[in-house]
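Peer 1:
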Amino acid sequence: MMQSAGTPILVLREGSEREKGKGATSSNVAAAKAIADTVKSTLGPRGMDKMLVGGMGDITITNDGVTILKELEVEHPAAKMMVEVAKTQDQQCGDGTTSAVVLAGEFLKRSEPLLDQNVHPTVLTRGFSVALQEAERILKEEIGIPVKDDDTSGLITVANTAMNSKGVDGKEGLAEKVVKAVKTIAEKRDHRTVADVTLVQIVKKTGGTISDTELIDGLVLDKERGHPRMPKEIKNAKIALLNSALEIKKTEFESKINIKSPGQIQNFLDEEDRTFREYVDRVKGAGANVVICQKGIDDVVLHYLAKAGIYAIKQVKESDMQKLARATGARVVTGIRELTPKDLGSSAKVEEKKVGDSDMTYVTGCNNARSVCLLIRGGTEHVADEVERSLQDALKVVSATVEDGFICPGGGATEMELAIKLRKFAPTVGGREQLAVEAFAQALEVIPWALTENAGFDAINTIIELRQAHESGHKNAGVNIENGKTQDMVERKILEPLRVKTQALSSATEAANMVLRIDDVIASRKSGGAGPMPGGHSHD
1 MMQSAGTPIL VLREGSEREK GKGATSSNVA AAKAIADTVK STLGPRGMDK
51 MLVGGMGDIT ITNDGVTILK ELEVEHPAAK MMVEVAKTQD QQCGDGTTSA
101 VVLAGEFLKR SEPLLDQNVH PTVLTRGFSV ALQEAERILK EEIGIPVKDD
151 DTSGLITVAN TAMNSKGVDG KEGLAEKVVK AVKTIAEKRD HRTVADVTLV
201 QIVKKTGGTI SDTELIDGLV LDKERGHPRM PKEIKNAKIA LLNSALEIKK
251 TEFESKINIK SPGQIQNFLD EEDRTFREYV DRVKGAGANV VICQKGIDDV
301 VLHYLAKAGI YAIKQVKESD MQKLARATGA RVVTGIRELT PKDLGSSAKV
351 EEKKVGDSDM TYVTGCNNAR SVCLLIRGGT EHVADEVERS LQDALKVVSA
401 TVEDGFICPG GGATEMELAI KLRKFAPTVG GREQLAVEAF AQALEVIPWA
451 LTENAGFDAI NTIIELRQAH ESGHKNAGVN IENGKTQDMV ERKILEPLRV
501 KTQALSSATE AANMVLRIDD VIASRKSGGA GPMPGGHSHD
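Note that the sequence shown ends on residue 540 in our numbering; no numbers are left out.
#1: State the DSSP-derived secondary structure class of Q117, mapped to helix, strand or coil.
#2: In terms of alpha-carbon separation, which member of V479, R277 and S472 lies closest to D458?
#3: Kindly identify the DSSP beta-bridge partner or partners of I216.
#4: By the 10 Å Cβ neighbour count, where 16 or more other Cβ atoms means buried, how is R389 classified, buried or exposed?
#5: Just to check my reading of the structure: F406 and L498 have Cβ atoms closer than 8 Å, yes? What is that Cβ distance to the nearest angstrom?
#6: Which two residues bound the contiguous alpha helix (DSSP H) that contains K501?
#7: Measure the C-alpha to C-alpha separation of N461 and I202 and round it to an integer number of angstroms.
#8: Pick helix, strand or coil for T157, following the three-state DSSP scheme.
#9: So for D90, helix, strand or coil by DSSP?
#10: Could you tell me the alpha carbon to alpha carbon distance between N368 and I481, rounded to whole angstroms?
#11: Taking N480 as part of the beta strand (DSSP E), name the residues at either end of that continuous run.
#12: Report yes if the CB atom of V332 is closer than 7 Å to the CB atom of N243, and no otherwise.
#13: Taking the alpha carbon of E142 as the reference point, which residue from G484, S371 and A413 has its own alpha carbon closest?
#14: Are the Cβ atoms of K396 and G94 separated by less than 7 Å?
#15: Just grab the DSSP bridge partners of M51 for me.
#16: Distance check for G47 and V39, CA to CA, integer angstroms please.
#17: Which two residues bound the contiguous alpha helix (DSSP H) that contains I460?
#18: Any idea which residues DSSP pairs K188 with across the strands?
#19: What did DSSP end up calling I292 once you bin it into helix, strand or coil?
#20: On the criterion of 16 or more Cβ atoms from any shown chain inside 10 Å, does E417 qualify as buried, or is it exposed?
#21: Give me the Cα-Cα distance between E471 and T60, rounded to the nearest whole angstrom.
#22: Would you call L391 buried or exposed, if buried means 16 or more other Cβ atoms sit within 10 Å of its Cβ?
#23: If you follow the beta strand (DSSP E) that Q487 is in, where does it begin and where does it stop?
#24: Could you give the first and the last residue of the continuous beta strand (DSSP E) run that contains P409?
#25: Going by DSSP in three states, T209 sits in which element: helix, strand or coil?
#26: According to DSSP, simplified to helix, strand and coil, what is G582?
#27: Round the Cβ separation of K349 and K235 to the nearest angstrom and send it over; I've been treating them as touching at under 8 Å.
#28: Tell me, please, which residues DSSP counts as bridged to T67.
#29: Going by C-alpha to C-alpha distance, which of I156, A426, V446 and I447 sits closest to V437?
#30: Can you list, in chain order, the stretches of the alpha helix (DSSP H) that have 4 or more residues and sit fully within the segment 221-288?
#31: Is it a yes or a no for the segment 75-91 touching the segment 494-511, going by three-plus beta-carbon pairs under 8 Å?
#32: By DSSP, does K307 sit in helix, in strand, or in coil?
#33: In whole angstroms, give me the CA-to-CA distance for I145 and R492.
#34: What is the DSSP secondary structure of Q322, reduced to helix, strand or coil?
#35: Determine, using beta-carbon pairs with one atom in the segment 128-141 and one in the segment 432-450, whether at least three such pairs fall under 8 Å.
#36: What does a CB cutoff of less than 7 Å around T452 pick up in its chain, not counting 5 residues either side in sequence?
What follows is the structure in structure tokens.
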């Protein structure tokens, strides 16, 4: 509202709320810190789980940072930014979502005393950006450990580290399966390795135990054969992949057919039958003994296919069709009339197996398969879900390691080394930005602190011990959560991809900077007069 010659002028809609200056900053910082505190207790192998109960009463039990934040219905705009940090981290690296959010919260927490001393937010954000740049340089040049993509034991260690932070028991052997899966799908493109984890199919079936989880050199489709008289198993399968329906389409608009004699009905049915037989002849003519169709297959066609001893399944997802093409070497054909022997893929065996209480189709023994399947088993649905989340994380960290070729020590070792180096670097920055760089360095220690605290040990003693170790040149020293003491993380085989650290730092810094730069929160009233909205715009 503005005052001009005694007349009030309304700039904003009536009922809008506005918070300016320090009040706006401190409420945003408080919201962001609250989100960080929510997930802080889940950090690390000894982190606790959260039970999330949805509006429909559905339950999720997890300690995966991004899953927790996605399930929470966050209202505050600054808190929503923190959720975005976790989502970005998850998309880029798969792991380190909790670390990224906790770091962002800690950067803001360390900013508060400086804001109270009238250090301008722009100075802070500039200082944080300088600190981030130096941290990224240190990570690349001084902390990163090169790893070759054929170093299987190194990759298994990285996968184990990612899965350790999820409370999944009986995960022995899962890491080997993950590494094998990533190596199968990795390919060289323009002198660099690309490992697209979406090419690993993940299928969940409740029942059995976690150790029954298997890696299949092919794919598993949650579909049974289309007709009971079809063979249950086909060896040396020649596979046709179709993305058009093997049925006669209904007309899109209402139409009438005038039939004047009974003979015409017969002609009609004969023509339909002839079309269906032609479909099956085309399949046989191409030499296929397995048909996998993305759309529907008419019951009559299924009957003729069964008579010809051909295994067929219908209504298969498009993503599975793409994976099948990569696994078997088949080409997805649009129309049945275009099918040729060259389009067929091959696998040693296609069979229907009972898994749990449903029948599934296994396509196995593919030569040079460039797509594989992880079939997850777990005693209950919640266990299977958590195994899936931990395997997704493991797949992404192994693929990041294969693509980048760099790892770094976990257990808070990397963060402590960065904190020590940045403290020494701060005086070279000079000016008030130096204070921001020091605050940044201080904030990094929250990671080893939270790891120790969650493991039930005294964080103060451990942090002092860890600082001393790093000051005296032990750059790989981290927290051993078994006894709360410091130990070499490379020896203990606690290793993470370098990308997890760089991404967590950059997204946490960006989020903290964004929150600090907001000096004005304007919340318009919801239409319908439902009171002020918790969202808002920001003035830069």
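Backbone N, C-alpha and C define an ideal beta-carbon position, used for all residues, glycine too.
Peer 2: Once the coordinates are examined:
#1: It is coil, neither helix nor strand.
#2: Among V479, R277 and S472, the Cα nearest to that of D458 belongs to V479.
#3: As a beta-bridge residue in DSSP terms, I216 pairs with C373.
#4: Sixteen is the threshold: when 16 or more other Cβ atoms of the shown chains lie within 10 Å of the Cβ of R389, as they do, the residue is buried.
#5: Yes, F406 and L498 are in contact; Cβ-Cβ is about 4 Å, under 8 Å.
#6: From DSSP, the alpha helix (DSSP H) with K501 extends over L498 to R517.
#7: When rounded, the distance between both Cα atoms is 43 Å.
#8: Shown here, T157 sits in a helix according to DSSP, grouped into three states.
#9: It is helical.
#10: Spanning the two alpha carbons is a distance of roughly 42 Å.
#11: The continuous beta strand (DSSP E) containing N480 extends over residues A477 to N480.
#12: Contact flag set, yes.
#13: For the residues G484, S371 and A413, the minimum Cα distance to E142 belongs to A413.
#14: A contact, by the Cβ cut-off of 7 Å.
#15: Answer by DSSP bridge pairing, in chain order: I61.
#16: One alpha carbon belongs to V39, the other to G47, and they sit about 9 Å apart.
#17: Looking at the DSSP string, the run of the alpha helix (DSSP H) that includes I460 is A459 to E471.
#18: T193.
#19: Three-state DSSP puts I292 in a strand.
#20: Taking every protein chain shown into account, the CB of E417 has 16 or more other CB atoms within 10 angstroms, so this residue is buried.
#21: Taken atom to atom, the span from the alpha-carbon of E471 to that of T60 is near 43 Å.
#22: The residue is buried, with at least 16 neighbouring Cβ atoms inside 10 Å.
#23: Under the DSSP assignment, Q487 falls in the beta strand (DSSP E) whose first and last residues are K485 to D488.
#24: Start and end: F406 to P409.
#25: Residue state, collapsed to three classes: coil.
#26: Limits of the chain in this structure are 1 at one end and 540 at the other, which puts residue 582 out of reach.
#27: Taking C-beta atoms under 8 Å as the contact rule, K349 and K235 qualify, at a distance of about 6 Å.
#28: Its beta-bridge partners do not exist; DSSP assigns none.
#29: Nearest option by C-alpha distance: A426.
#30: 262-286, all fully within the segment 221-288.
#31: Three or more Cβ pairs closer than 8 Å define a contact, and the segment 75-91 meets that threshold against the segment 494-511.
#32: In the structure shown, K307 sits in a helix (DSSP, three-state: H, G or I).
#33: The alpha-carbon atoms of I145 and R492 are separated by roughly 15 Å.
#34: Residue state, collapsed to three classes: helix.
#35: Touching, yes.
#36: So the qualifying residues of the chain are A459, T462, V479 and G484.
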